[in-house]
Amino acid sequence: MMTDYKELYLLYCANLCADSNDYTTKEGVKRHNAAMKQLSKLFHQIEDEPGKSFLLELLATGNDQTKALVAAHCLGFGVYVSEAKKVLSSLAKNKTNPILAFEAQTTLDVWKRQGYLKF
9 MMTDYKELYL
19 LYCANLCADS
29 NDYTTKEGVK
39 RHNAAMKQLS
49 KLFHQIEDEP
59 GKSFLLELLA
69 TGNDQTKALV
79 AAHCLGFGVY
89 VSEAKKVLSS
99 LAKNKTNPIL
109 AFEAQTTLDV
119 WKRQGYLKF
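With positions in the sequence shown counted from 1, the corresponding number in this note's numbering is that position plus 8.
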């Protein structure tokens with residue numbers, strides 16, 4: 009049975025905090041942390057998978073939080089690096105969501121400084 013990694017990304021990313029108000033409730037923080045744990049496991053699960061083209065599709069999704077996370081994973085895998093950098097650079101300039109902009113810029117800064125991302 010083939011795992012649909014694209015659907016798993018979308019499912020887990022849907023459980024991330026949708027806006028900054030979600031971070032102010034205990035339930036929102038718990039939901040976000042659980043989703044991040046699932047996404048970290050997913051990263052390691054697909055690390056050795058040869059086919060990662062679904063990541064390119066996810067980089068073009070309409071959800072900025074999903075794009076930020078997938079872009080970070082692309083940098084971690086070392087695949088679709090130029091596309092991931094473009095997505096994160098664009099999100100870092102987005103003033104409508106300052107938390108996500110900060111996250112995107114920090115991801116780029118850490119990746120540039122270290123030369124890798126670890127999950």
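C-beta: ideal position from N, C-alpha, C; glycine also.
Note that the structure is predicted; figures quoted are calculated from it, not measured.
(request) Classify T104 as buried or exposed, calling it buried when 16 or more other Cβ atoms lie within 10 Å of its own Cβ. (result) Here residue 104 corresponds to residue number 96 of the sequence shown, with the count starting at 1. With fewer than 16 other Cβ atoms within 10 Å, it is exposed.
- Query: Just reading off the alpha helix (DSSP H) that S97 is part of, what are its end residues?
  - Reply: Here the question's residue 97 lines up with position 89 in the sequence shown. Segment V89 to A100, the alpha helix (DSSP H) holding S97.
Problem set entry | When Q113, G36, Y88 and A76 are compared against Y17, the one with the closest alpha-carbon | In the sequence shown, residue 17 corresponds to position 9, counting from 1. Nearest option by C-alpha distance: A76.
Using the C-alpha atoms, what's the distance from R121 back to V78?
One-based indexing of the sequence shown puts residue 78 at position 70. One-based indexing of the sequence shown puts residue 121 at position 113. Those two C-alpha atoms are separated by around 20 Å.
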